[in-house]
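Structure first, commentary second.
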Amino acid sequence: MWNCSPNRGDSSDKDIDNENRQTNDFMILENHVEAPEENSKKTKLFFAHAADTWDAEFYAKVNDDVYVNIDALGSMLGAYLDKPRVYIGCMKSGEVFSEPTHKWYEPDWWKFGDGKSYFRHASGEMFVISQAVAQFISINRAILRTYAHDDVSVGSWFIGLDVKHIDEAKFCCSSWSSGAICAAV
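So the sequence shown is residues 143 to 327, counted in the working numbering.
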């Protein structure tokens, strides 16, 4: 499933429309403009729309430059079917950048405290949430705060909730290794 914004007039519209007629595997996110600074909102809209549209045990967010071994992913997720609220990914944390010229600048850097370090969250390359967690996003989409980066935004939504954070090394896409589920290109 690909999700994209309805930027009518974009040069890829015709190609997307043609492929979608054949495969029906595009999700058009209405009221969303495709832009790097809008990725956090796009991720929120994706999970809300997916939870509202499909009855699935899990929902995955994967960057478009990541390859996924679908069979391995399905097998691995089977181990978590008995856990109703999970957030699975390559968990990380790191420096919050307050300089506007930095690639990973966070306009709300001051909210992260004097240590300027992000809380633990899944890398944005790929992560999976359970149905109950996706439904939470859908129900609360109007009041969920987004930050400059989608992985930080998603992680922030689960800090105060009874959600099991699972640090799964097989989701660390940047370092392809034996048994990995994904690889970044």
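Cβ atoms here follow ideal geometry from the backbone N, Cα and C, with glycine treated the same way.
Near residue i, what residues of its chain come up, given a Cβ to Cβ distance below 6 Å and the 5 sequence neighbours on each side ignored?
i           : result
residue 209 : 325
residue 181 : 292
residue 307 : 229
residue 310 : 230
residue 193 : 276, 277, 280
residue 316 : 326
Would you decide whether residue i is buried or exposed? Buried here means 16 or more other CB atoms lie within 10 Å of its CB.
i           : result
residue 203 : buried
residue 212 : exposed
residue 323 : buried
residue 305 : buried
residue 295 : buried
residue 299 : buried
residue 301 : exposed
residue 257 : exposed
residue 288 : buried
residue 172 : exposed
Comparing C-alpha positions only, which one of the options sits nearest to residue i?
i           : options            : result
residue 259 : 224, 273, 240      : 240
residue 235 : 275, 218, 263, 303 : 263
residue 198 : 154, 314, 248, 272 : 272
residue 178 : 246, 312, 316      : 246
residue 237 : 252, 189, 223, 284 : 252
residue 224 : 188, 250, 163, 200 : 200
residue 196 : 282, 283, 274      : 274
If contacts are defined as beta-carbon pairs under 8 Å, then residue i and residue j qualify, I think. What distance do you get, rounded to the angstrom?
i           : j           : result
residue 268 : residue 205 : 7 Å
residue 286 : residue 184 : That pair is no contact at about 13 Å.
residue 270 : residue 219 : 7 Å
For residue i, which residues does DSSP report across the bridge?
i           : result
residue 260 : Answer is none; residue 260 lacks a bridge partner.
residue 309 : 231
residue 324 : 210
residue 279 : DSSP output for residue 279 lists no bridge partner at all.
Excluding five sequence neighbours on each side, which residues of the same chain lie with their C-beta closer than 7 Å to the C-beta of residue i?
i           : result
residue 214 : 323
residue 312 : 218, 321, 322, 323
residue 226 : 272, 274
So, for residue i: in the same chain, excluding its five sequence neighbours on each side, which residues have a beta-carbon less than 8 Å away from its beta-carbon?
i           : result
residue 248 : 238, 239, 240, 254, 289, 290, 291, 294
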